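Enquirer:
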Amino acid sequence: GEEVIQTPRHFVKGKGQKAILHCVPITGHGYVFWYQQVLKKEFKFLISFQNENVFDETGIPKKRFSAKCPQNSSCSLEIQATEPRDSVVYFCASSQSTVLHIS
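To convert, take the position in the sequence shown, counting from 1, and add 27; that gives this note's numbering.
Take a look at the structure:
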């Protein structure tokens, strides 16, 4: 497809519950990125994948958050025990590989 598909669109969880978000990247895109957006302000980077491998996990709070991008399946972001501060907008993005030409 030509757009990233994220599910569910919206959900409500009680404090301490598990929450799982799913993301299907654009066909042919090898990179997947997860972000949080708080109150329509700046985006906070969580984690990125290159195919099924973690590419950069500098932004993810590992105690409660985990993510995976298995081959031939949707990517997922999982929150182990939700807290009120997790009530933000989550964005998934995908891209083709980045090619840098230096002449």
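Think of the CB as a built atom: it goes at the ideal place given N, C-alpha and C, for glycine as much as any other residue.
This one's a predicted model, so the numbers in the text were calculated from it and none came from an experiment.
#1: Taking the straight line between their C-alpha atoms, what separation do you get for Glu69 and Ser130?
#2: Within the chosen definition, does the stretch 67–82 reach the stretch 39–58 through at least 3 CB pairs nearer than 8 Å?
#3: On the DSSP bridge list, what partners appear for Glu105?
#4: Taking contact to mean at least 3 C-beta pairs separated by less than 8 Å, is the stretch 114–128 in contact with the stretch 40–53?
#5: Do you know how far the Cα of Lys71 is from the Cα of Phe92?
#6: Within the same chain, show all residues whose beta-carbon is closer than 8 Å to that of Val31, passing over the 5 residues directly before and after it, in chain order.
#7: Give a yes or no on whether the C-beta atoms belonging to Gly86 and Leu73 are separated by under 8 Å.
#8: Using a threshold of 8 Å, state whether the C-beta atoms of Gln44 and Val115 are closer than that.
Expert: Quick answer:
#1: 34 Å
#2: yes
#3: Ile47 and Ser93
#4: yes
#5: 14 Å
#6: Cys50, Val51, Pro52, Ile53, Cys119, Ala120 and Ser121
#7: yes
#8: no
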